[in-house]
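If you read the sequence shown in this note's numbering, its first letter stands for residue 5, the second for the next number, and so on. Ideal placement from N, C-alpha and C gives every residue a C-beta, glycine not left out. Below you'll find the structure, written out as structure tokens, and then a few comments.
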Amino acid sequence: MLIGSQGLLPLAPLLETLHARPDVHLWDFPTLFWWNASDPAIHAGIWAGVTLSVLALAGAWPRVCILLLLPLYLSYAVACRDFLSFQWDNLLLECGFLALALPRDRRAAWIHLLFRLLLLKLYWESGIAKWQSHLHDWHDGSAMTFYYETAPLPTWIAWHAHHLPAWWHHFESRAVLLVELVVPLLIFGPRAARLFAFAVFTGFQILNIATANYGFFCYITLALHLFLLDERDLVRMRAALLGWWPRPPPAASGTSFWTRAHALRMPRRAGAVALCTFFLGASLIEGIRRFADAPGFRKATTPLREIYAPFRLVNTYHLFGHITRSRTEPEFQTFREGTWTAHDLRFKPGAEDRAPPFVAPHQPRVDFRLWFYGLGSRRGTPRYVRTLIDRLCEAPDTVQSLFSRELPRAPQAVRVAFWTYHFSSAEERKRTGAYWTRARAGASPPNRCAESAGARSKMAPP
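Right, here's the structure in full:
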């Protein structure tokens with residue numbers, strides 16, 4: 005669907021182009037599909053990832069599984085380009101990188117501290133991005149007034165949250181700044197401070213889960229919260245889960261292999277020092293480059309950054325630095341026998357009376373990415389949208405799973421209509437049952453399906 009031969013961003017043609025360029029190497033495009041981008045290879049990688057994930061979850065050689073999963077997920081993140089370029093994809097890779105150093109049968113304080121540092125980066129950097137917003141919408145309290153209505157894939161609960169009083173939205177906006185700029189300072193504090201941060205962060209993520217669909221982002225963040233807890237807190241949490249959670253493996257005894265292998269202690273310590281040095285140094289470089297006005301520093305660190313940046317092992321986070329104030333949605337329409345027919349995607353706003361669904365931790369990559377297309381439609385049409393139009397004309401079966409009802413087999417033309425969406429008022433909802441109201445915002449010129457894909461003119465935004 006995404007990068008296969010019939011996908012929206014086919015990988016094989018891109019790699020043929022990259023292979024022909026002497027200035028591009030595997031280091032610049034780090035994917036295992038560099039050598040084989042066939043559909044069987046792509047499918048085999050997916051099944052390998054599923055198998056390794058199940059084994060790791062079951063506790064079978066977890067570190068080996070993670071060591072194999074890390075380059076595998078990076079391969080798909082690089083190959084899928086627009087569709088796996090979100091911050092939570094980077095977060096998953098960064099977590100996987102640190103997880104390689106997690107011992108299975110003993111506590112290692114230093115790696116726990118690195119995970120806490122990652123949690124600090126995630127919240128604090130997102131807070132800094134909001135503080136630096138050129139719209140000042142988090143400062144004046146207006147951000148949350150628009151957030152629920154313009155989130156990429158809201159849930160039906162977002163409709164109710166949107167209609168809370170204006171004073172509440174102003175309070176929320178400023179509370180988010182406190183959660184992301186002040187509470188993270190407790191991450192390295194004593195146990196009571198960390199428990200307070202755990203409670204605040206967890207409540208914050210539960211609200212995110214309730215009102216919008218962000219794939220696995222909120223869930224992996226909840227997992228990071230566990231590093232704020234001591235062992236006794238985890239034992240109590242397990243007991244609160246009614247005892248059904250699997251028991252952890254027993255602690256290593258004094259006669260374990262790792263304890264007896266004294267010769268391995270120094271290499272392990274050296275590895276720990278190297279990992280800490282790299283992670284701290286790269287995090288500092290990335291943070292300064294992202295949030296500070298330091299062109300000299302950027303220039304000086306570019307050669308060093310080119311060594312590690314392609315692998316996405318250390319990243320910055322800037323979630324919702326500013327909030328979009330309008331929602332423009334693309335709608336794909338086919339023309340046949342004198343009539344234009346709209347085709348709603350399965351998870352995006354379509355018909356006004358369709359309730360916004362819960363789909364997380366699944367992330368519909370195409371639906372989510374099209375939200376950005378609606379925001380920037382006047383800047384042109386991305387390649388994956390043009391390919392989707394081609395598929396609607398020539399091979400609708402290959403994209404049928406994206407749409408909520410059956411596609412026509414031989415349309416005469418395809419176009420994209422644009423609509424501005426707003427949540428309906430409480431009175432409108434009561435009268436009509438609609439969650440949305442919408443107004444036409446234009447349409448692209450029709451693309452005639454009888455023309456060849458090569459000759460078909462590029463779409464122009466409305």
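Query raised in the report: By how many angstroms is the C-alpha of Tyr151 removed from the C-alpha of Ala24?
Result: 45 Å
Query raised in the report: For Phe295, which residues of its own chain have a beta-carbon under 6 Å away from its beta-carbon, when the five flanking residues on both sides are left out?
Result: Ile132
**Report entry** Contacts around Asp348, its chain only, beta-carbon distance under 6 Å, and the 5 residues preceding and following it disregarded
**Finding:** Gly354 and Ser408
Report task. Note down, in chain order, each residue of its chain lying with its Cβ closer than 6 Å to the Cβ of Met148, except the 5 sequence neighbours on either side. Result -> His173, Glu176 and Ser177
Query raised in the report: Where are the beta strand (DSSP E) runs, 3 residues long or more, that stay fully inside the segment 270–340, in chain order?
Result: 331–340
Requested in this report: Pull up the DSSP beta-bridge partners for Ala45, would you.
Outcome: Paired residues: none, contrary to the question.
Query raised in the report: What's the C-alpha gap between Trp423 and Trp440?
Result: 11 Å
Requested in this report: Confirm, please, whether the CB-CB distance from Pro188 to Leu124 is below 8 Å.
Outcome: yes
Report task. Report yes if the CB atom of Phe427 is closer than 8 Å to the CB atom of His166, and no otherwise. Result -> yes
Query raised in the report: Looking at the structure shown, is Gly446 part of a helix, part of a strand, or coil, going by DSSP?
Result: strand
Report task. Taking Arg390 as part of the alpha helix (DSSP H), name the residues at either end of that continuous run. Result -> Arg387 to Glu398
Query raised in the report: Which same chain residues, not among the five before or five after Phe261, have their C-beta less than 6 Å away from its C-beta?
Result: Residue placement at Phe261 cannot be trusted, given a pLDDT of 44 that sits under 50; what the coordinates show is reported in the next sentence. Answer for Phe261: no residue qualifies.
**Report entry** beta strand (DSSP E) segment containing Trp423, residue limits
**Finding:** Ala417 to Phe427
Requested in this report: Give me whichever residues DSSP pairs with Thr343 in a beta bridge.
Outcome: Arg340
**Report entry** Same chain, Cβ closer than 7 Å to Leu15, neighbours up to 5 away in sequence not counted
**Finding:** Ile7, Phe37, Ala41 and Ala83
Query raised in the report: Just reading off the alpha helix (DSSP H) that Leu96 is part of, what are its end residues?
Result: Gln91 to Ala103
Query - First through last residue of the alpha helix (DSSP H) which encompasses Leu123 - result: Ala113 to Trp135
**Report entry** Nearest candidate by alpha-carbon position, reference Pro361, set Glu98, Ala45 and Phe351
**Finding:** Phe351
Query raised in the report: Taking all protein chains shown into account, do 16 or more other C-beta atoms lie within 10 angstroms of the C-beta of Phe301, making it buried, or fewer, making it exposed?
Result: exposed
Query raised in the report: Three-state secondary structure (DSSP) at Asn451?
Result: strand
Report task. Flag this pair as touching only if the segment 134–143 and the segment 153–168 have three or more C-beta atom pairs under 8 Å; answer yes or no. Result -> no
Requested in this report: Whole angstroms is fine: what's the gap from Asp234's alpha carbon to Ala276's?
Outcome: 21 Å
Query raised in the report: Buried or exposed: Thr343, going by 16 or more other Cβ atoms within 10 Å of its Cβ?
Result: exposed
Query raised in the report: Expressed to the nearest angstrom, what Euclidean distance is found between the alpha-carbon atoms of Arg316 and Leu78?
Result: 8 Å
Report task. Could I get the ranges of all uninterrupted alpha helix (DSSP H) runs contained in the segment 135–212, with 4 residues as the minimum, in chain order? Result -> 147–154, 160–166 and 170–185
Query raised in the report: Just the Cα atoms here: how many angstroms apart are Leu181 and Asp109?
Result: 38 Å
Query - Residue of Arg419, Gly437 and Ser429 minimising C-alpha distance to Pro450 - result: Arg419
Requested in this report: Determine the direct distance from the alpha carbon of Ala81 to that of Asp93, and round the result to whole angstroms.
Outcome: 7 Å
Query raised in the report: Taking the alpha-carbon positions, what's the Leu190 to Ala203 distance?
Result: 12 Å
Query raised in the report: Among residues of its own chain, excluding the 5 on either side of Gln91, which ones have a beta-carbon nearer than 8 Å to its beta-carbon?
Result: Phe221, Asn319, Tyr321, His322 and Leu323
Query raised in the report: In whole angstroms, what is the alpha-carbon distance linking Ala286 and Ala414?
Result: 53 Å
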